[in-house]
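Engineer:
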Amino acid sequence: MGKKKITPREQDYAAWYQDVIRYGDLAEPAEVVKGCMVIKPHGYAIWEKIQAGLDKRFKETGHKNAYFPIFIPESFLKKEAEHVEGFSPELAVVTIGGGKELEERYVIRPTSETIIGHFFAKWIQSWRDLPLLINQWANVVRWELRTRMFLRTSEFLWQEGHTAHATHEEALEETLRMLEVYAEFAEGSMAMPVIRGVKTSAEKFAGAHKSYCIEAMMQNGYALQAGTSHDLGQNFGKAFDVKFQNAEKQLDYVWQTSWGVSTRLVGGLIMTHSDDNGLVLPPKLAPVHLAIVPIWRSDDQRAATLEAAERVASGARDAGLSVEVDLRDQSPGAKFFHWEQRGVPVRVEIGPRDVEAGTAVAKRRDTGDKETLPLDKIAPRAVELMDEIQRGLFAAAQQRMQDNTIVADSFDEVRAALKGATAERGGGKFVMAHIADDPEADQKIRSIKATVRCVPLEDKHGGGGKCIVTGKDVPARSIIAKAY
RNA sequence: CGGGGUGUAGCGCAGCCUGGUAGCGCGCCUGCUUUGGGAGCAGGAUGCCGGAGGUUCAAAUCCUCUCACCCCGACCA
């Protein structure tokens with residue numbers, strides 16, 4: 007008698023996505039604030055897991071956390087021509103402070119290259135000050151016209167790394183190192199396969215020399231830019247006069263990088279693994295690994311059941327799992343749905359029949375398989391299951407990406423492949439085609455509401471060829487797809 | 001900014017055309033019975049009908065203005 011039904015993916019993928027977030031208790035629209043969201047405790051717990059995993063990796067690669075102001079003098083944005091042009095349309099600007107019109111307006115940071123550039127200029131004098139490796143966890147604001155929870159909201163949470171180096175080689179190395187950190191995290195922890203690639207000029211970060219990305223494929227075949235890492239060249243160094251004296255006593259501008267991932271990753275996580283019953287979480291990012299649902303009739307049974315539940319719980323906690331024993335005054339069925347919709351990897355049921363037999367039932371979220379096991383085998387088995395689920399989710403996502411990637415050798419083939427694909431109905435694909443990085447080719451692809459996502463760093467599709475729009479020679483195929 | 005839509009109980013909605021002082025489902029509270037896939041029965045609480053003005057004996061309902069949010073297009077981690 008399911009009352010609260012999640013819209014099936016088949017019927018309307020976009021509605022399904024909203025439902026999964028709602029029933030999974032991850033977030034809700036801020037209603038009183040246009041385009042913003044409230045991240046609820048369960049959603050935030052997932053973000054905290056992401057933060058913890060990434061922060062550890064950032065520290066391991068030598069970065070230190072710092073914090074810069076949320077307000078940026080408007081003049082700073084204007085110092086880098088391409089940067090201001092790219093961000094102007096989506097800025098929120100503070101014009102009044104303390105009831106008085108401000109002398110200089112403040113932009114609420116859409117990203118922090120400029121203000122960090124200003125301080126880097128103060129902090130860096132010598133090659134001995136380099137490399138400077140900083141990361142900031144922060145919120146940023148981009149006034150979006152069209153928003154979707156987690157994927158695009160006017161305010162979002164993210165992390166932005168900012169580094170300065172003595173040479174371009176070093177900066178490029180850093181850019182690619184952090185791209186690899188993102189890719190490894192996405193695949194290893196989120197179980198979300200990604201393609202490492204280079205952005206085209208049109209998709210490049212405003213002000214960067216080159217932008218690299220990890221691109222993931224959602225269940226509807228849409229592409230999601232899951233992380234970016236930018237080689238900024240000396241663009242911001244020059245704009246903010248970030249100079250250092252090298253060992254040869256010469257003054258030079260620093261070479262910078264910046265890289266970021268955001269709460270958008272939560273959206274990617276949802277659209278990579280979840281199903282028609284709600285959220286599915288990879289164990290490495292699940293705030294709760296094991297939900298134990300005790301079932302009883304009489305008071306005697308209640309006591310015996312709870313005792314068994316606690317015993318299993320403490321065993322599982324000792325094995326390093328995060329466990330919830332559900333003691334709420336609700337029917338077992340209601341509890342099953344509750345944990346299922348929240349994506350808990352394994353649920354354990356312990357009822358009178360089990361207590362009698364000294365067993366419990368474990369059900370995995372991803373496949374729905376149930377096993378009945380002796381009480382003392384639950385914890386060790388749960389640990390194994392975490393590993394199996396983690397691998398299984400990644401393998402399934404990888405297979406899906408492979409199944410929905412095709413090769414095309416003409417514009418008509420690309421158009422045909424993406425025809426009818428929508429966020430609601432699905433049908434998206436990664437179409438691998440030769441396409442030149444120039445405005446004409448870019449416009450042509452945009453005319454079918456798709457974009458050139460990136461040129462993969464690893465060429466798995468047979469090298470160079472002629473651009474399907476301009477006929478120019480290009481060294482490798484790009485991914486063309488509809489994207490979030 | 002163009003096109004469309006919606007504001008009524010915590011949530012989802014009906015009522016509006018044809019004015020007469022607000023209702024349904026879910027949820028919530030209390031009690032009893034229940035509990036291996038969203039429990040049942042009984043009782044109960046909850047509204048400045050988005051805001052302002054107007055018409056009228058009387059406005060959720062008619063008129064004017066306004067605000068907010070949502071959806072569709074152009075920008076985007």
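Position in the first sequence (from 1) plus 6 gives the number in the working numbering. We treat Cβ as the ideally placed atom computed from N, Cα and C, and that holds for glycine.
Look up MET196 in the DSSP assignment and say whether it is helix, strand or coil.
Structural biologist: coil
Engineer: Would you check if the distance between the CB atom of ASP247 and the CB atom of ALA127 is smaller than 7 Å?
Structural biologist: yes
Engineer: When the distance is taken between beta carbons, is ALA368 closer than 7 Å to VAL389?
Structural biologist: no
Engineer: Here's a check: name, in chain order, each residue in its chain whose Cβ is nearer than 8 Å to the Cβ of LEU327, leaving out the five neighbours to either side.
Structural biologist: The beta carbon of LEU327 is closer than 8 Å to those of HIS295, LEU296, ALA385, ALA388, VAL389, MET392 in its chain, skipping five residues each way along the sequence.
Engineer: Considering only the beta carbon of each residue, do TRP22 and ARG28 sit closer than 7 Å?
Structural biologist: no
Engineer: Let's test the definition: count the other Cβ atoms within 10 Å of the Cβ of SER453 and tell me whether it reaches 16, buried, or not, exposed.
Structural biologist: exposed
Engineer: In terms of alpha-carbon separation, which member of GLU446, PHE342, PRO445, THR457 lies closest to LYS435?
Structural biologist: THR457
Engineer: Which residues bound the beta strand (DSSP E) around VAL146?
Structural biologist: 138-147
Engineer: Report yes or no: do the segment 270-278 and the segment 193-204 share at least 3 C-beta pairs separated by less than 8 Å?
Structural biologist: With a cut-off of 8 Å, the segment 193-204 and the segment 270-278 count as touching, because enough Cβ pairs lie within range.
Engineer: What separation, rounded to the nearest whole angstrom, lies between the Cα atoms of ILE451 and ILE486?
Structural biologist: Looking at the two C-alpha atoms, the distance is approximately 8 Å.
Engineer: Just the C-alpha distance for GLN307 and GLU313, rounded to the nearest angstrom, thanks.
Structural biologist: Taking the straight line from one Cα to the other gives about 10 Å.
Engineer: Please specify which runs of the alpha helix (DSSP H), each continuous and at least 4 residues long, are wholly inside the segment 44-86, giving them in chain order.
Structural biologist: Fully enclosed alpha helix (DSSP H) runs of 4 or longer: 47-66, 80-83.
Engineer: Residue ranges of each beta strand (DSSP E) run of no fewer than 3 residues wholly in the segment 94-135, ordered along the chain?
Structural biologist: Runs of the beta strand (DSSP E) lying entirely within the segment 94-135 and spanning at least 3 residues, in chain order: 99-103, 106-114.
Engineer: Below 8 Å, can you find three or more Cβ-Cβ pairs linking the segment 102-117 to the segment 73-92?
Structural biologist: yes
Engineer: Evaluate contact between the segment 102-109 and the segment 53-72, counting only Cβ atoms and requiring at least three cross-stretch pairs below 8 Å.
Structural biologist: no
Engineer: Round the Cβ separation of GLU37 and LYS46 to the nearest angstrom and send it over; I've been treating them as touching at under 8 Å.
Structural biologist: With a Cβ gap of about 14 Å, GLU37 and LYS46 do not count as contacting.
Engineer: Roughly how far, in whole angstroms, is the beta-carbon of GLU96 from the beta-carbon of ARG148, given that I think they are within contact range, below 8 Å?
Structural biologist: 4 Å
Engineer: Enumerate in chain order the residues of its own chain whose CB-to-CB distance from PRO462 is below 6 Å, with the five nearest sequence positions on each side excluded.
Structural biologist: ILE201, GLY203
Engineer: For VAL350 and SER207, I'd like the C-alpha separation in whole angstroms.
Structural biologist: VAL350 and SER207: Cα-Cα distance of roughly 41 Å.
Engineer: Please report how far the alpha carbon of THR101 lies from the alpha carbon of LYS341, in whole angstroms.
Structural biologist: 50 Å
Engineer: Using a Cβ-Cβ cutoff of less than 7 Å, which residues in the same chain neighbour ARG491 once the five nearest sequence positions on both sides are dropped?
Structural biologist: Here the chain comprises residues numbered 7 to 490, so residue 491 is not present and cannot be evaluated.
Engineer: Would TRP133 and ALA172 qualify as a contact pair, given that the criterion is a beta-carbon distance under 7 Å?
Structural biologist: yes
Engineer: In three-state terms, what does DSSP make of PRO338?
Structural biologist: helix
Engineer: If I follow the unbroken alpha helix (DSSP H) through THR153, where does it start and stop?
Structural biologist: For THR153, there is no enclosing alpha helix (DSSP H), as DSSP marks it with neither H nor E.
Engineer: For a minimum of 4 consecutive residues, which ranges assigned as the alpha helix (DSSP H) are wholly contained in the segment 371-424?
Structural biologist: 381-409, 417-424
Engineer: According to DSSP, is HIS344 helix, strand or coil?
Structural biologist: helix
Engineer: Start and end of the alpha helix (DSSP H) containing PHE211?
Structural biologist: Element bounds for PHE211: n/a, residue is neither H nor E.
Engineer: Using the three-state DSSP reduction, which class does LYS249 fall into: helix, strand or coil?
Structural biologist: strand
Engineer: Let me confirm a value: ASP25 is counted as buried when at least 16 other C-beta atoms fall within 10 Å, else exposed. Which label applies?
Structural biologist: buried
Engineer: Roughly how many angstroms separate the alpha carbons of LEU381 and ALA363, rounded to a whole number?
Structural biologist: 9 Å
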